[in-house]
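Below is one structure; the comments refer to it alone.
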Amino acid sequence: AKAHTHKVRVLEPVLPVLDPGNIQVPFLTCSEMEEYGRARGNLALWELACEYESSRGGVSLDDVVDRAIELQNIMRDAVNQGRKGTKYKDRILPCQSSGLAR
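Note that my numbering has the sequence shown beginning at 2, numbered continuously upward.
Structural data, given as structure tokens:
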């Protein structure tokens, strides 16, 4: 059977960071990342990620952290809303997500 497309939805990137061209990131490989972190006082993995994203996006470290916190809050709210469940008269099964352990 041949598949048919009925509707196409275009989604924006999660982190809409444009490629500024000729960017320079602090590291490209895991080995380079480890060396970079050691040279700067044994940076934690999250700090290395922030350094990379800051360089990649041409934004400040504070902007990277703020955006990460914003995304964390969005995901936490989505999980909490999903755990509340929904009720529809035409459903065979009741809400199942509200029974998940925290």
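Glycine included, C-beta positions come from ideal geometry on N, C-alpha and C.
| Item | Value |
| --- | --- |
| If you follow the alpha helix (DSSP H) that Leu49 is part of, which residue opens it and which one closes it? | 46 to 58 |
| Out of Arg39, Ala40, Gly42, Ser55, which one is the CA nearest neighbour of Val26? | Ser55 |
| On the criterion of 16 or more Cβ atoms from any shown chain inside 10 Å, does Val65 qualify as buried, or is it exposed? | buried |
| Express the C-alpha separation of Gly42 and Lys8 in angstroms, rounding to a whole number. | 51 Å |
| Measure the C-alpha to C-alpha separation of Glu36 and Ala79 and round it to an integer number of angstroms. | 37 Å |
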